[in-house]
Amino acid sequence: MKKEKSSKTAVQMALSRTIESLKKEEERICDDPLAKDFLTPKYKILIQNKLLRNSVVKIIDQLFIGHHYYVVARTRYIDDFLQECIANEIQQVVIMGAGFDSRAYRFDYLKEITVFEVDHPATMSKKKEKIQKILGSLPNHVVYVPIDFLKEKLSDKLVQCGYNRKLKSLFIWEGTTPYLNPESVDDTLACISSYSGKGSSIIFDYILKSVLDKTCKYKGAKREFAYMKKTSEPFTFGIEEYKIIPFMEERKFNNIVSVGSDDLKKIYLKNDKTMVIKEWWRIVHANVI
Numbered sequence: 001m002k003k004e005k006s007s008k009t010a011v012q013m014a015l016s017r018t019i020e021s022l023k024k025e026e027e028r029i030c031d032d033p034l035a036k037d038f039l040t041p042k043y044k045i046l047i048q049n050k051l052l053r054n055s056v057v058k059i060i061d062q063l064f065i066g067h068h069y070y071v072v073a074r075t076r077y078i079d080d081f082l083q084e085c086i087a088n089e090i091q092q093v094v095i096m097g098a099g100f101d102s103r104a105y106r107f108d109y110l111k112e113i114t115v116f117e118v119d120h121p122a123t124m125s126k127k128k129e130k131i132q133k134i135l136g137s138l139p140n141h142v143v144y145v146p147i148d149f150l151k152e153k154l155s156d157k158l159v160q161c162g163y164n165r166k167l168k169s170l171f172i173w174e175g176t177t178p179y180l181n182p183e184s185v186d187d188t189l190a191c192i193s194s195y196s197g198k199g200s201s202i203i204f205d206y207i208l209k210s211v212l213d214k215t216c217k218y219k220g221a222k223r224e225f226a227y228m229k230k231t232s233e234p235f236t237f238g239i240e241e242y243k244i245i246p247f248m249e250e251r252k253f254n255n256i257v258s259v260g261s262d263d264l265k266k267i268y269l270k271n272d273k274t275m276v277i278k279e280w281w282r283i284v285h286a287n288v289i
């Protein structure tokens, strides 16, 4: 993973969250007031007025069908799930592939517990610079854990940084699994199932395996796969459609809930046909057995 690519991807996700957060409260799907602070000067130009922002959304969806609204709906869904876990008194949060995720800073409850932000060293370095500028200093409740998921074990890195495997924890793994290999995904899930306390849970998203072998019939999949193949972060991992429940059960998880584009549209887009969400990306959450 190249440093510039790593940071660029994180900024692009922040751009979609920023555009959505600048809408009127009754219109927005997600609300991330800190997202704009992670943008580079080039991207900040694109959010100066509503006309520009609307144009950006159209361009994004022309290039990658359903991408913008998938990103903002995913953000909202994970935010909502996080709040459910907060109500159930989680004691520790691990955000894997954290990018420019701002949950540790915008959810007040998380400021009272330890949040571990796990990511590639290149992106983490940029993230810490941004946080210091935004907040004035790095917050005491956040522990930054640099890791290369392809080469290092999550359990080793977390323990080194003070992670307590006996606590009830939530693992958030957003926008990361498609860029890993199967072994890394299995190792990470094994770590979570073996190194977390009673009542712990995980939420992550993934792409369908058919995208990788070019048999996926959903709009935009083949085009985006071909585009990503030319970058330093090609798609390398997917899960077979309709197989997510046995996949998670085999890895010692239960209470498995799978969410697709139809679910997200129904919940957040009110089935507005002018807004499209990628059909070949899915979200799943489950509990550790």
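The numbering used here puts the first residue of the sequence shown at 1, with every later residue one more than the last.
Glycine included, each C-beta is placed from N, C-alpha and C at the ideal position.
query, result
"To the nearest angstrom, report how far apart residue 219 and residue 279 are at their CA atoms.", "8 Å"
"Within the same chain, show all residues whose beta-carbon is closer than 7 Å to that of residue 78, passing over the 5 residues directly before and after it, in chain order.", "172, 174, 203"
"Can you grab the Cα-Cα spacing for the pair residue 282 / residue 238, in whole Å?", "10 Å"
"Under DSSP, the alpha helix (DSSP H) around residue 67 begins and ends at which residues?", "67-87"
"Mapping the DSSP letters down to three states, classify residue 282 as helix, strand or coil.", "strand"
"What's the C-alpha gap between residue 143 and residue 137?", "13 Å"
"Can you check whether the C-beta of residue 61 is within less than 7 Å of a C-beta belonging to chain B?", "Annotation note: the requested chain B is absent from the structure, which comprises a single protein chain."
"What residues are listed by DSSP as bridge partners for residue 117?", "95, 144"
"Using 8 Å as the threshold, is the region 192-208 in touch with the region 110-123, meaning 3 or more CB pairs across them?", "no"
"Quick one: grab the DSSP three-state call for residue 289.", "coil"
"Less than 8 Å between C-beta atoms, sequence neighbours within five positions excluded: which residues of the same chain meet that for residue 253?", "189, 193, 202, 286, 287, 288, 289"
"Taking just the CA atoms, how far does residue 131 sit from residue 244?", "36 Å"
"Does the separation of the CB atoms of residue 146 and residue 121 fall below 7 Å?", "yes"
"Assuming residue 64 contacts residue 94 (C-beta within less than 8 Å), just tell me the rounded distance between them.", "About 28 Å separates the two Cβ atoms, so there is no contact after all."
"Please report the straight-line C-alpha distance between residue 265 and residue 224, rounded to a whole angstrom.", "21 Å"
"Could you tell me whether the Cβ atoms of residue 277 and residue 70 are closer together than 7 Å?", "yes"
"Helix, strand or coil, according to DSSP, for residue 101 in the structure here?", "coil"
"For residue 90, count the other beta carbons within 10 Å of its own beta carbon; 16 or more makes it buried, fewer makes it exposed. Which is it?", "buried"
"Using a 10 Å radius around the Cβ and a threshold of 16 neighbouring Cβ atoms, would you call residue 98 buried or exposed?", "buried"
"Between the Cα of residue 22 and those of 12, 13, 35, 236, spot the shortest distance and give me the residue it belongs to.", "35"
"Nearest-angstrom Cα distance between residue 231 and residue 183?", "21 Å"
"Using the Cα positions of residue 9 and residue 101, report the straight-line distance between them to the nearest angstrom.", "12 Å"
"With a threshold of 8 Å on Cβ separation, who are the neighbours of residue 30 within its own chain once the five nearest residues in sequence on each side are excluded?", "17, 20, 21, 72, 73, 75, 76, 79"
"Threshold first: 4 residues or longer. Then list the alpha helix (DSSP H) segments lying entirely within the region 175-263, N to C.", "182-194, 221-229, 244-250"
"Would residue 210 and residue 169 qualify as a contact pair, given that the criterion is a beta-carbon distance under 7 Å?", "no"
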